[in-house]
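Right, one structure below, let's go through it.
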Amino acid sequence: VKRHLLSMNDCDRQDILTILDTAETMHDVQRREVKKLPTLRGRTVVNMFFEDSTRTRSSFEIAGKWLSADVINISGKGSSTSKGESLRDTVRTVAAMGVDGFVIRHNASGAAQQVSEWVDAVVINAGDGLHEHPTQALLDAYSMRRRLGDLEGLQIAMVGDLTHSRVFRSNLICLKTLGAKVTVVAPPTLMPAGVDTWARTEGFETSYDLDAVLPTMDAVMMLRVQRERMSGGFFPTEREYTVGYGLTRERLRALQKHTVICHPGPMNRGLEIAADAADAAQSLVLDQVSAGVAVRMSVLYHLFAGEGSLS
Amino acid sequence: MSSGDVSRALRRVAHEILERNKGSEDLVVLGIPTRGVALAHRLVEVMAEVEGRDVPSGALDITMHRDDLRRNPIRAIEHTVIPAPGIDDKTVVLVDDVLFSGRTVRAAMDALSELGRPRAVRLAVLVDRGHRDLPIRADYVGKNLPTSRSERVRVCLAEHDGLDEVRISGGDR
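So the protein sequences, as listed, match chains A and B. Taken in order, the first sequence gives residues 45 to 355; the numbers are from the working numbering. Taken in order, the second sequence gives residues 56 to 228; the numbers are from the working numbering.
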């Protein structure tokens, strides 16, 4: 594990496994009556969220608090950025107060990387534009591993709005590093540009036919249709999207018994995922949320507990 | 200490624990990873032989409670396993291989307080090598081993290292 967590490329296979193993023990702590560990006592972590978020922000906050770190939340609205202060000035101002780390979400790709160059503190990327969201990929891997065992060699499909999805990009790197066989499925308009070259060099499959892919999968990850990033024209109607690429009740039946369903949330029920699929026994949606805290505790532990750079 | 010495010392400690506790009633034996866990299992085996009933045992990881986390590279975290009846109102015997500064035991007592409220906490160690930094003392000691601070005490156990052995190495001599 490197000093910052900006991209899943910062983690090799061993790093990922270490983080997931530590998360297992953190999960045990989550079930205790007293959930507080003294590990990060005296450390201050700032959550800076320049985009809306419920689960990522609150799970980072809970994770930090359960490890006894002091957690401060700063959101885009209501901070000096709304008075026109630049991101650089804002983070350097907060860093000057002596904080140990930043958890950053920003709508610009590469924002976390930029911030890590401006401050001495540890920086964790909690989602930057269309680029990456590494802790989401780690918690997805964690949830799937708990249900399916080792991910090496498993068939995993990622379906939906790939162009706008940072979850997809982080998950792709993470799952490839863990040795899973990844297939990505999307309507042609929502496939990232140049995906074929990318697929060849990275070694994953692409498909435009969800029905052909589903029966052989061990896990299916549905991605959210990001209405807020779509200025129209990606698909004719929502109905048409659901018919072609939604996990409908009929498609749920086409899955194998052991196949699990993931969704990073928030879900558009009835659009990319039917209520039956979201609430099915095979669905990991709530597991993913509860894993979020354990995995983020693990990440905070590995980045903050020791002195400086790690083994 | 040879393999025979280790097993004799452990048998004696197991008997002492039972004697002091007046049987195995309300006893929970928790090993501190890594080698303490193996020792705890062996103690419990002897107790089961003597008492004819199983004594609950488990493991207590103390990594998150260490006071030297910041001075060292990150350590992997081991699992904490608390036997089903819990530790409330029980007599908990902590087991570790070597008692040195006492800092591990302090961390273990902090970790315990988060899991419940034992009636009493006792400490059993295979080797007490002296040089305490904290006001902590073992209730049950396999062997007192006078050492100098610069020496290293290495405990090998069949479960981890293939054989039972305790040896002192290094030092100024």
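Here a beta-carbon is modelled for each residue, glycine too, at the ideal position from N, C-alpha and C.
Assigned exposure category for A:Ala321 - 16 Cβ within 10 Å defines buried: Working through the first sequence from its first residue, we reach residue 321 of chain A at position 277. Buried, by the Cβ-count rule.
C-alpha gap between B:Ala175 and B:Asp144, whole angstroms: Position 120 of the second sequence, counted from the start, is the residue given in the question as residue 175 of chain B. Position 89 of the second sequence, counted from the start, is the residue given in the question as residue 144 of chain B. Whole-angstrom Cα-Cα distance: 8 Å.
7 Å Cβ shell around B:His120 - same chain, five flanking residues per side excluded: Residue mapping note: residue 120 of chain B aligns to position 65 of the second sequence, counting from 1. These residues qualify, in order along the chain: Ala162, Asp165, Ala166.
Beta carbon proximity, A:Thr62 to chain B, threshold 8 Å: Looking up residue 62 of chain A in the first sequence gives position 18. So, interface residue.
Just the chain A side, please: which residues come within less than 7 Å of B:Leu85 by C-beta, in chain order? Reading the second sequence from its first residue, position 30 is the one you call residue 85 of chain B. Chain A residues near B:Leu85: none, gap ~15 Å exceeds 7 Å.
Beta-carbon within less than 7 Å of A:Leu183's beta-carbon, same chain only, minus the 5 sequence neighbours each way: which residues are those? Residue mapping note: residue 183 of chain A aligns to position 139 of the first sequence, counting from 1. Spatial neighbours of A:Leu183 in its own chain (CB-CB distance under 7 Å, excluding positions within 5 residues in sequence) are listed in chain order as Gln332, Ala335, Gly336, Val339.
Decide yes or no for the touch test of the stretch 111-130 of chain B against the stretch 83-97 of chain B: beta carbon pairs closer than 8 Å, at least 3 of them. yes
Starting from A:His150, trace the beta strand (DSSP E) both ways and give me its first and last residue. Taking the first residue of the first sequence as position 1, residue 150 of chain A is located at position 106. That run of the beta strand (DSSP E) goes 145-150.
Out of B:Val105, B:Ile191, B:Ser57, point me to the one whose CA is closest to B:Ile72's CA. The residue labelled residue 72 of chain B in the question sits at position 17 within the second sequence. Of the candidates B:Val105, B:Ile191, B:Ser57, the one whose C-alpha sits nearest the C-alpha of B:Ile72 is B:Val105.
Secondary structure at A:Thr98, three-state DSSP: helix, strand or coil? One-based indexing of the first sequence puts residue 98 of chain A at position 54. The answer is coil: DSSP assigns A:Thr98 none of H, G, I, E or B.
At a CB-CB cut-off below 7 Å, which residues of chain B make contact with A:His346? Walking along the first sequence from the start, residue 346 of chain A turns up at place 302. In chain order: Ile129.
Closer than 8 Å between beta carbons: that is the criterion. Which residues of the stretch 136-155 of chain B meet it against chain A? none
Could you tell me which whole beta strand (DSSP E) segments of length 3 or greater appear in the stretch 155-212 of chain B? Correct list: 175-183, 195-199, 206-211.
Tell me whether A:Lys46 sits in a helix, a strand or coil according to DSSP, three-state version. Numbered from 1 along the first sequence, position 2 holds the residue referred to as residue 46 of chain A. It is coil, neither helix nor strand.
With 8 Å set as the bound, which would you pick, yes or no: does the beta-carbon of B:Ile132 sit closer than that to a beta-carbon of chain A? Taking the first residue of the second sequence as 1, we reach residue 132 of chain B at position 77. B:Ile132 counts as touching chain A.
Just the C-alpha distance for B:His70 and B:Val150, rounded to the nearest angstrom, thanks. Sequence index remark: in the second sequence, residue 70 of chain B carries index 15 (1-based). Sequence index remark: in the second sequence, residue 150 of chain B carries index 95 (1-based). Near 14 Å, if we compare the C-alpha coordinates of B:Val150 and B:His70.
Are the C-beta of A:Asp72 and some C-beta of chain B separated by less than 8 Å? Mapped onto the first sequence, residue 72 of chain A falls at position 28. At least one chain B Cβ lies under 8 Å of A:Asp72.
With a CB to CB cut of under 7 Å and the five nearest residues on each side skipped, what residues in its chain are close to A:Leu50? Stepping through the first sequence from its first residue, residue 50 of chain A is reached at position 6. Hits under 7 Å: Ala156, Gln157, Ser160, Val167, Asn169.
Beta strand (DSSP E) runs wholly inside the stretch 286-310 of chain A, at least 3 long, in chain order: 304-306
If you measure beta-carbon to beta-carbon, which residues of the stretch 257-273 of chain A are closer than 7 Å to chain B? none
Just how far apart, CA to CA, sit A:Gly154 and A:Asp54? Start at 1 with the first residue of the first sequence, and residue 154 of chain A comes out as number 110. Start at 1 with the first residue of the first sequence, and residue 54 of chain A comes out as number 10. Their Cα atoms are separated by approximately 14 Å.
So, at 6 Å on beta carbons, what are the nonlocal neighbours of A:Gly247 in its own chain, with the 5 sequence-adjacent residues on each side left out? Locating residue 247 of chain A in the first sequence gives position 203, where the first residue counts as 1. Closer than 6 Å at Cβ, skipping near neighbours: no residue.
So with CB distances below 8 Å, who are the chain A contacts of B:Asp165? What you label residue 165 of chain B is simply residue 110 of the second sequence in a count that begins at 1. Those are Pro82, listed as they occur along chain A.
Say whether chain B places a C-beta atom closer than 8 Å to the C-beta of A:Arg189. Counting from 1 along the first sequence, the entry for residue 189 of chain A is found at position 145. No, no contact with chain B.
Assigned secondary structure, A:Gly314 (DSSP; H/G/I helix, E/B strand, else coil): As a working mapping, residue 314 of chain A is identified with position 270 in the first sequence. It is coil, neither helix nor strand.
Is there a Cβ of chain B sitting closer than 8 Å to that of A:Val78, yes or no? In the first sequence, counting from the first residue as 1, residue 78 of chain A sits at position 34. So, interface residue.
On the CB-based measure, 16 or more other CB atoms within 10 Å of its CB, does A:Glu316 come out buried or exposed? In the first sequence, counting from the first residue as 1, residue 316 of chain A sits at position 272. A:Glu316 should be labelled buried.
With 8 Å as the threshold, decide whether the Cβ of A:Thr286 is near any Cβ in chain B. Your numbering for residue 286 of chain A matches position 242 in the first sequence. Taking Cβ atoms only, chain B never reaches closer than 8 Å to A:Thr286, which makes this a no.
Straight-line gap, A:Thr125 to A:Ala230 (C-alpha atoms, nearest Å): Against the first sequence, residue 125 of chain A aligns to sequence position 81. Against the first sequence, residue 230 of chain A aligns to sequence position 186. Between the alpha carbons of A:Thr125 and A:Ala230 lies a distance of about 36 Å.
Can you pull the chain B residues whose beta carbon is under 7 Å from the beta carbon of A:Thr125, in chain order? Taking the first residue of the first sequence as position 1, residue 125 of chain A is located at position 81. Under the 7 Å cutoff, chain B gives no residues; its nearest Cβ is about 33 Å from A:Thr125.
Taking 8 Å as the CB-CB cut-off, is B:Leu170 touching chain A? Here residue 170 of chain B refers to the residue found at position 115 of the second sequence. Output row for B:Leu170: interface = yes.
Contact list for A:Thr69 against chain B, beta-carbon separation under 8 Å: Sequence index remark: in the first sequence, residue 69 of chain A carries index 25 (1-based). Result: Asp116, Ile132, Glu133, His134, Thr135.
Are A:Ile60 and A:Thr179 close, meaning C-beta to C-beta below 8 Å? Start at 1 with the first residue of the first sequence, and residue 60 of chain A comes out as number 16. Start at 1 with the first residue of the first sequence, and residue 179 of chain A comes out as number 135. It is not a contact, given that the beta carbons lie outside the stated cut-off.
Tell me the rounded alpha-carbon separation between A:Arg214 and A:Gly173. Start at 1 with the first residue of the first sequence, and residue 214 of chain A comes out as number 170. Start at 1 with the first residue of the first sequence, and residue 173 of chain A comes out as number 129. One detail in the question is off: residue 214 of chain A reads as Ser in this sequence, not Arg. Note on geometry: alpha-carbon atoms of A:Ser214 and A:Gly173 lie some 12 Å from one another.
Anything in chain B within Cβ reach of A:Thr88, meaning under 7 Å, just list it in chain order. Residue mapping note: residue 88 of chain A aligns to position 44 of the first sequence, counting from 1. Simply none; closest approach about 14 Å.
Comparing alpha-carbon positions, which option in B:Thr89, B:Gly171, B:Ala103, B:Arg204 lies nearest B:Ile223? Mapped onto the second sequence, residue 223 of chain B falls at position 168. It is B:Arg204.
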